[in-house]
Structures are given as C-alpha cells and as structure tokens.
Amino acid sequence: MSELLGIFFAAFLINNILLIRFIALCSFFGVSTKLDTSIGMSSAVIFVMTVSSAISWIAYNTVLAPLHLEFLRTAVFILTIASLVQLEELYLKKAIPALYRAMGIYLPLITTNCAILAVAFLAIDYKYNFIQSMVYSLGVSGGYSLAIILFAYVRERTALAPIPKWFQGYPIAFITAALMSLAFLGFTRMFGL
Numbered sequence: 070m071s072e073l074l075g076i077f078f079a080a081f082l083i084n085n086i087l088l089i090r091f092i093a094l095c096s097f098f099g100v101s102t103k104l105d106t107s108i109g110m111s112s113a114v115i116f117v118m119t120v121s122s123a124i125s126w127i128a129y130n131t132v133l134a135p136l137h138l139e140f141l142r143t144a145v146f147i148l149t150i151a152s153l154v155q156l157e158e159l160y161l162k163k164a165i166p167a168l169y170r171a172m173g174i175y176l177p178l179i180t181t182n183c184a185i186l187a188v189a190f191l192a193i194d195y196k197y198n199f200i201q202s203m204v205y206s207l208g209v210s211g212g213y214s215l216a217i218i219l220f221a222y223v224r225e226r227t228a229l230a231p232i233p234k235w236f237q238g239y240p241i242a243f244i245t246a247a248l249m250s251l252a253f254l255g256f257t258r259m260f261g262l
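All residue numbers for the sequence shown refer to my numbering, where the first residue is 70 and numbers rise by one.
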C-alpha cells in the first residue's frame, strides 16, 4: 500500500507532468484562461488518461508484448486515445453542451495531448503492473488537474491586476508558470529526490 501511495504522490506532486516534466504545455497555456474551462478540461483529461492507460496497458501486455509487436505500441496507444476522445466528445455534446462549447478546439486536441500518450508509455517503461499503472495514471492526471486549475485561478486574478501593458497576456502567464514550477520543484527537494 505504501508503494502505491509513493507512486501516486510522486506522479501527483514530485514529478508533476506539467510543472516538472514540461509535458502538455499547449493545453496548459491554452485552456487555463478561465477556471471553469480548466476544471472541464481536467475532468476530460482524468477520464481519457486513466481509461486509455488501462486499455493501453492491457493491449501491450496481453497482445503486443507476447506477439513481439512492441513496435506497434505508438499506433495502438494513439488509436485508443483517439477513440476515447471521440466517445467523450459525443457525450459532452449531448450531456453538457456548455462545457463542450467552452472547451472548443481543445477537446479534440486531447487526442494529441502528449501527456496522455506519455503516461501510457511511462507506465509500460517503468514496468508497472496493472494496479500500479492505474495509480500512476491517476496521480499524473490529478497532478495535471491541480496544476492547470491553480494556474487558471492565478491567471484570472492577474487579468484583473494592474500589470504593465507589455507584461499582460502570455508574458505574465509564463512568469506565473515559472514561479509555480519552482514551487513544485520544492517538493522534489523536500522529499530528497
């Protein structure tokens, strides 16, 4: 149990996919202008990342590895992710149309969100069993959600602040992201990693 907690918190805080590994920064900067959109994107990423990681792990360990077809894992993982995103898009379009419209182009871009593909690869490369892989994907998706929601909150506050004109928009967003990254980097030092 402590091993699973270690995997979760390492993925959640210490090796945060956005602020430490700098993976999926396009959605980090693109969707984080509004808090509600960030929350919606986070829930979509949690679902797709966790389910695609499970399906990818099963496909790799039951079909690809036994048949020595490991070279097909990229194609299989991308097809898995694309299928899940399409299902989620259909669901959101019918069930929550406001969130569907708010997410705009970023919903189909979950298909190419490198964090989702990276989690599928890393769970295999770390040689995690199925349970460890699920805990890892939940930790990564939780860390992604934490980072993007905090960042959206700060961006909404900085949009109202009296910031010089040349720092408004992306310049202050990059400075904010750098400061958040430093804060998360403190977790690696705090735990001696």
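C-beta: ideal position from N, C-alpha, C; glycine also. Model, not experiment: these values are computed from the prediction.
- Beta-carbon to beta-carbon, A184 and Y205 are separated by about 12 Å, too far to satisfy the 8 Å threshold.
- Measuring C-alpha to C-alpha distances from S210 to each of F81, I76 and L73 identifies F81 as the nearest.
- When C-alpha distances from E139 are compared across A167, A164, F190 and L168, the shortest belongs to F190.
- Contact between V120 and L168 does not hold, since the beta-carbon distance rounds to 18 Å and is not under 8 Å.
- The beta carbon of I124 lies closer than 7 Å to those of T149 in the same chain, with the five residues before and after it left out.
- In the DSSP assignment, S206 falls within the alpha helix (DSSP H) that extends over F199 to L229.
- With contact defined as three or more Cβ pairs closer than 8 Å, the region 95-114 and the region 217-237 are in contact.
- Exclusion of the five residues before and after I89 leaves I83, S250, F253, L254 and T257 as the residues of its chain whose Cβ lies within less than 8 Å of its Cβ.
- Within its own chain, the residues whose Cβ lies closer than 7 Å to the Cβ of Y222, once the five positions on either side in sequence are excluded, are L104, listed in chain order.
- Rounded to the nearest whole angstrom, the C-alpha separation of A230 and I244 is 14 Å.
- By the neighbour-count criterion, in which a residue is buried when 16 or more other Cβ atoms sit within 10 angstroms of its Cβ, N182 is buried.
- Within the model, the alpha-carbon separation for Y239 versus L248 is close to 14 Å.
- The Cβ atoms of F146 and L186 lie closer than 9 Å to each other.
- DSSP places T106 in the uninterrupted alpha helix (DSSP H) bounded by L104 to A128.
- Around L176, the same chain offers E158 as residues with beta carbons nearer than 6 Å, after the five sequence neighbours per side are excluded.
- Take the alpha-carbon of I115 and the one of T131: they are about 24 Å apart.
- With 16 or more other Cβ atoms from the protein chains shown falling within 10 Å of its own Cβ, R224 counts as buried.
- The residue from A228, S122, F98 and V117 with its alpha-carbon nearest to that of Y197 is S122.
- Under the three-state reduction of DSSP, F77 is assigned to helix.
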